[in-house]
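The numbers in UniProt numbering rise by one with no breaks, and the one at position 280 of the sequence shown is 280. Beta carbons: idealized from backbone N, C-alpha and C, even for Gly. First comes the structure, then the notes that go with it.
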Amino acid sequence: MLLCAIAGAVAAAAISISLKPIYRATTQVLIDPSVRQPFEDRSAPTRYLEDTFVVDSQVTVLQSSSVLRNVVTHLNLTEDPEFGDQPASQGILTSLFGGSGKGSPETQEASANSSVEALRDAMSVDREGLTFVINVSVDAGSPIQAAILSNAIVETYITDQAGQVSNVGRTVEEKVGDRLKILRGQLREAEARVEAFKAKNNLQSTDQNGLLTDQELAELNTQLTEQKAALAAAEAKASEIRRMIDSGADLDALTDVTASTTIANLRQQYATVARAEANLSAELLPSHPDLIRARAQTREIRGQIESEIRRIASTAQLEADVLRDRVAKLEIQLDTVRSRSNLDQQSRIELQELQIDADTNKTLYENLLSRTKEITEIDQISIPNARIISPAIPPSSPVWPKKKLLVLLGLFLGGMIGTLLAIGRSAFSLCMRYLLYPRSDVAYASAGDLATPAVPEIPAPRSPQLAPQAPPAALAVSYLPRPPSQGRLEDMDTEDLLTSLWDFKSGATDREMRPYWKSVFTILKKLQSDRVDGFASTVIVTSTDGGHSMAALSVVFAAASLKNFRVLLVDNNAAAERLSPKMLDRPHPATDLNDAVKLANLDIDFLSLTHGRRKYQQDTKDSYQVLNGSGLDPEFDLIVISESPMASPQVEAVLRDAADHVIVSVERSAALSA
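Structure, rendered in structure tokens:
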């Protein structure tokens, strides 16, 4: 088996050396959702890249033919021996037969498609968990080529994304340009219809796209309102002056009089002259010439003041008359313009419809033109949202073949083959031995088939000399022949006995123990056939000399190895070496089945009834009395009791009172002679 394992490992190592190595390089690219364009509205929600499905879409885009074809063209992979469509030797054959190296366009297209598919098969693109990071890996025969291809794919993808934005801008500009031409023509036609309608109906427009008639009407209405207000003020002033004149009141209190600078100057002169006259009157006689001249000057200035006051009063009346005439003329003019406006009402409605159509076309044209220029300018300075965060570097070791893994696999397969060969050899030897020595592998069953062999008497202290006698044929008794070397069995501990059992079940046991274990399983087969479901089978293992402890263990271990078979071992043999020291680390007093100990390592339950008894001291309470006094039998499928040596009458009594089967351990030579 070891040689087969070594041979398998050597073969695997040789195969791994002969295989072509495959190197893998990985580039990590980040699809950054936080990138915003320079002219993007900052108050607007984040863009669609925050949706995780967009990242999954970019995984597909990275493997698309548009990206890979650019890589194939840029790196000329059609001529590469690994990714090209044709082997390198074809160029020699083509040159020998006079063919063209490049071939027809159809051939070049097919070669490019084949290289694209080869590159797609060699690459793997996956998302890093739920992040916005994408891993792009490429397998190649060279570590440098793997790194170059991985980086080239990602760089081409980023360039292609930026080119797509520019292409979209150009496409929009082209399509919108055609639409702008149509809108420009429609706008010109609408404006031409408006001007033609105005000329036909003698409608003049203003700078605010209104009609001149409407503007004139509004201005006349404003002037009329202002003149009427001025007329009302002038008439009120003139009426007040006439009232004061008719009543003889002093006109000096009039507002216009007090506000007149002429009146103010005359009054200042009058005050000066009046003061001089008063001085002269005090000094001179009334007939004095100077006094006469002073009085004349005073009267003259007073007359000038009165004349100026009358002029102001007549001016107020004149102003009222002028305003009254102006208001009348404005009313006539307003009526005329209003009449002309009423006549143009129908034309005005049609003009408004034409003007609305022209304004709508103008608004559409201006908005579309502005938006087109904005898109064109913004796309020229757009920022890509994908960037390389970890470029690929040439790997130091290949991903295939895994030499250590192949060697271990070869070692394992070689070991398996060696194991199968060893098992086959053991099975073949076992079959041959069974054919050559059939009687040595037979376990004798009930006493109805075999007579009890004569066993020599073995003296034992404080124990009667027992010899087996042939029990009645109706009793269920089996004889378990001991191995040729009984000392070997007695020298075994529980682990050695278990190892021998599993060697037998796997076909690897030696020649001495194989007949012994076959006899044990033959007896177990009979016990299973006689067992009633729901009830525990009680088996007593005994002998004439007390040397059956290991035989009892053999039966218990063999039964425990069966599927879903719970076994209880009861040690009640005080005539020989007890089982308790082998099974328990410390003494465990017990009186009934409730004191049974679960041995998890051996997958059995154990109960010792020999605690406190000296060797060869017979128990006053038989083991079957313990079983009859306990209600735990249904918990076990098989209860094996290692009893003290028994003679045939005792075996018969036990079978009749409690046990379902008795196994007697005898020497193999005695069993064969029977």
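Open item on the list: Judging by CA-CA distance, which residue of L30, T73, N601 is the nearest neighbour of V125?
Closed with: When only C-alpha atoms are compared, the closest one is L30.
TODO: Kindly provide the ranges of any alpha helix (DSSP H) runs that are 4 or more residues long and lie completely inside the segment 270 to 355, ordered along the chain.
DONE: At a cut-off of 4 residues, the continuous stretches assigned as alpha helix (DSSP H) that sit fully inside the segment 270 to 355 are 289 to 343.
TODO: Note down, in chain order, each residue of its chain lying with its Cβ closer than 7 angstroms to the Cβ of T78, except the 5 sequence neighbours on either side.
DONE: Closer than 7 angstroms at the Cβ level, and outside the excluded window around T78, lie V72, G84, D85, S111, A112, S115.
Task: Residue interval of the alpha helix (DSSP H) (run including D530) - done: Element bounds for D530: 514 to 530.
Task: Rounded C-alpha distance that separates V154 from G415 - done: Going by the C-alpha atoms only, they are around 47 angstroms apart.
Task: Per-residue DSSP class, three states only, for A460 - done: Model confidence at A460 stands at a pLDDT of 36, short of 50, so the residue's coordinates are unreliable and nothing is read from them.
TODO: Taking only heavy atoms of the ligand ATP into account, decide whether any of them is closer than 8 angstroms to the Cβ of A230.
DONE: In the structure shown, the ligand ATP is absent, as is every other ligand, since no ligand is present at all.
- [ ] Tell me, please, whether the CB atom of Q333 is closer than 9 angstroms to any CB atom in chain D?
- [x] The structure shown has no chain D; it contains just one protein chain.
Open item on the list: Along the chain, where does the beta strand (DSSP E) containing K598 start, and where does it finish?
Closed with: Segment 597 to 599, the beta strand (DSSP E) holding K598.
Task: At least 3 beta-carbon pairs within less than 8 angstroms: the segment 303 to 320 vs the segment 220 to 235 - done: Taking a cut-off of 8 angstroms on C-beta distances, the segment 303 to 320 touches the segment 220 to 235, as three or more cross pairs fall below it.
TODO: Identify which residue in S519, D325, S260, R348 has its Cα closest to the Cα of N202.
DONE: The shortest C-alpha separation from N202 is found at R348.
Open item on the list: Could you compute how far the alpha carbon of D530 sits from the alpha carbon of S642?
Closed with: In a straight line, the C-alpha of D530 is about 20 angstroms away from that of S642.
- [ ] Evaluate A427 with the Cβ neighbour count: other Cβ atoms within 10 Å of its Cβ, from every protein chain shown; 16 or more gives buried, anything less gives exposed.
- [x] By the 10 Å Cβ count, A427 comes out exposed.
TODO: Decide if D56 is buried, meaning its Cβ has at least 16 other Cβ atoms within 10 Å, or exposed.
DONE: Taking all protein chains in view, the Cβ of D56 is surrounded by fewer than 16 other Cβ atoms within 10 Å, so the residue is classified as exposed.
Task: Test item: CB-CB of Q28 and V136 under 9 angstroms - done: Taking a C-beta distance under 9 angstroms as the contact criterion, Q28 and V136 qualify as a contact pair.
Task: Bounding residues of the alpha helix (DSSP H) (the contiguous stretch that carries P105) - done: Per DSSP, P105 belongs to the alpha helix (DSSP H) from 105 to 122.
Task: Reference K20, options P398, N151, A196, closest by Cα - done: The candidate whose alpha carbon is nearest that of K20 is P398.
TODO: Assign N279 to buried or exposed, taking buried as 16 or more other Cβ atoms, counted over all protein chains shown, within 10 Å of its Cβ.
DONE: Classification of N279: exposed, given that the 10 Å Cβ count is below 16.
TODO: For A443, collect the residues of the same chain with a Cβ closer than 6 angstroms to its Cβ; drop the 5 residues on either side in sequence, then sort them by chain order.
DONE: Note that A443 scores a pLDDT of 40, beneath 50, so its modelled location is shaky; the value from the coordinates is reported in the next line. For A443, where only same-chain residues beyond five positions count, the Cβ hits under 6 angstroms are S519, T522, I523.
TODO: Could you give the DSSP three-state label for F83: helix, strand or coil?
DONE: The three-state reading of DSSP puts F83 in coil, since its state is none of H, G, I, E or B.
Task: Opening and closing residue of the alpha helix (DSSP H) in which T26 lies - done: Counting along the chain, T26 falls outside any alpha helix (DSSP H), though it belongs to the beta strand (DSSP E) covering 23 to 31.
- [ ] Mind the definition here: the segment 355 to 373 touches the segment 182 to 192 only if three or more C-beta pairs lie below 8 angstroms; say whether that holds.
- [x] Verdict: yes, contact present.
Task: Endpoints, beta strand (DSSP E) assigned at S390 - done: Residue range 386 to 390 is occupied by the beta strand (DSSP E) that includes S390.
Task: As assigned by DSSP and simplified to three states, the class of L562 - done: Three-state result, L562: coil.
- [ ] Measure the C-alpha to C-alpha separation of E106 and G141 and round it to an integer number of angstroms.
- [x] In a straight line, the C-alpha of E106 is about 29 angstroms away from that of G141.
Open item on the list: Restricting to Cα atoms, I'd like to know which of S390, T419, L3, I332 is closest to L224.
Closed with: Distance check between L224 and each of S390, T419, L3, I332 places I332 closest, using alpha-carbon atoms only.
Open item on the list: Let's test the definition: count the other Cβ atoms within 10 Å of the Cβ of P286 and tell me whether it reaches 16, buried, or not, exposed.
Closed with: By the 10 Å Cβ count, P286 comes out exposed.
- [ ] Take W400 and list the residues in its own chain whose beta-carbon comes closer than 6 angstroms to its own, dropping the five residues that flank it on each side.
- [x] Same-chain partners within the cutoff: I22.
Task: Whole-angstrom distance between A647 and residue 678, CA atom to CA atom - done: Residue numbering for the chain in the displayed model covers 1 to 674; residue 678 lies beyond these limits and cannot be assessed.
Task: Simplified DSSP state of R371, which is helix, strand or coil - done: Three-state DSSP puts R371 in a helix.
Task: Buried versus exposed, by CB contacts within 10 Å (16 or more), Q108 - done: Label assigned to Q108: exposed.
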